[in-house]
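Participant: In terms of my numbering, the sequence shown opens at residue 310 and continues consecutively. Got a structure for you, questions after.
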Amino acid sequence: MFKRLLFFIVLFIPIVVNASLIKDLKVLNGVISREFQSTNNYYSVDLNDGSDELELDYELEDGATLDINLDNDKEILTVSKDNMHEDYVFYLNKSVEELPVFQENEEEDRQIPHLKIIVFLGGLAVILMLFKLIVLGRKKD
């Protein structure tokens, strides 16, 4: 009986997550995908022209510390206080001008000489073999 009660307590009582170590956050050099809420941990930010890193203005809970890790196209904020920690991930979209521009070649398509003839003869051979097998059948010995 005690084991069942313990199992129920461990699995079926909801776990409360206190995601409020950041009171307020504003992006200074871009546009955030939605208004910041401390309960939402994932955001997308369109950075202004010429910006490579995210510049933030934030207010933390008393006694909380903030670590910032930059990983290619995302910035991860880790906020810690006592034994709690929260991760906020900001996906960075850099300006379109920095992306490489691919230009199409306007050269004419090169064709292999006699390709049409080879494809035609190969198709005709396959059709004739199928005709012989299906319509005429095989000779029985």
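Here a beta-carbon is modelled for each residue, glycine too, at the ideal position from N, C-alpha and C. No experiment lies behind these values; they were computed from the predicted model shown.
Classify residue 403 as helix, strand or coil using the three-state DSSP reduction.
Facilitator: Coil, per DSSP.
Participant: Quick one, which of 370, 402, 331 has its alpha-carbon nearest residue 381's?
Facilitator: Nearest of 370, 402, 331 to residue 381, Cα basis: 402.
Participant: Straight-line CA distance for residue 363 to residue 340?
Facilitator: The straight-line gap from Cα to Cα measures roughly 10 Å.
Participant: Is it right to say residue 351 is buried, meaning 16 or more other beta carbons lie within 10 angstroms of its own, or is it exposed?
Facilitator: Exposed: under 16 other Cβ atoms inside 10 Å.
Participant: In angstroms with no decimal places, state the Cα-to-Cα distance between residue 356 and residue 371.
Facilitator: Whole-angstrom Cα-Cα distance: 29 Å.
Participant: Under DSSP, the alpha helix (DSSP H) around residue 436 begins and ends at which residues?
Facilitator: Segment 424-440, the alpha helix (DSSP H) holding residue 436.
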